[in-house]
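Q: Dumping the structure here so I can ask a few things about it.
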Amino acid sequence: MLDFNFATYTEICAELGLRLKRQRLAQAITQKDLAASAGVAVGTVKNMESTGVASLESAIRIVMALGLADELAALFQLQVASSIAQMERAQLAERKRAPSKNTHVKKYD
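FYI, the numbering for the sequence shown is 1 to 109, going by full-length UniProt numbering.
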């Protein structure tokens, strides 16, 4: 299995395309039928399966047509810190507001 942490974007795309192809074959769906169901061109399905390259919209349409929409739910969710060190790093990384320029100006009567 591909380790996404050490893979290039091209390798990740190809792996995801291959996974979608395996899902399609496991469901005994032809590329033509998948394309029709997803509302995309057959070439889009072929390209997605061979290279993993497709627009985000097309990729989501294909995923949904394969009944895998639930698989998308966990993508890009904000991860909760699991250690004190991660929590400390997250706090340091938080954007801090610059002091207002008016706080240093003294008013004279």
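Every residue, glycine too, gets a C-beta built ideally from N, C-alpha and C.
Considering only the beta carbon of each residue, do L16 and R24 sit closer than 8 Å?
A: Within the sequence shown, numbered from 1, the residue matching residue 16 stands at position 16. Within the sequence shown, numbered from 1, the residue matching residue 24 stands at position 24. The answer is no: Cβ separation not under 8 Å.
Q: Can you check whether the CB of E57 is closer than 8 Å to the CB of V63?
A: Along the sequence shown, one-based indexing puts residue 63 at 63. Along the sequence shown, one-based indexing puts residue 57 at 57. No, Cβ-Cβ distance for V63 and E57 is not below 8 Å.
Q: Which of the three DSSP states is assigned to D33 in this structure?
A: Translated into positions along the sequence shown, residue 33 becomes position 33. Looking at D33 - three-state DSSP - the assignment turns out to be helix.
Q: Quick one: what does DSSP say L2 is sitting in, helix, strand or coil?
A: By 1-based counting over the sequence shown, the position of residue 2 is 2. If DSSP states are grouped into helix, strand and coil, L2 belongs with coil.
Q: Alpha carbon to alpha carbon, what distance is there between F4 and G43?
A: Counted from its first residue, the sequence shown places residue 43 at position 43. Counted from its first residue, the sequence shown places residue 4 at position 4. Spanning the two alpha carbons is a distance of roughly 26 Å.
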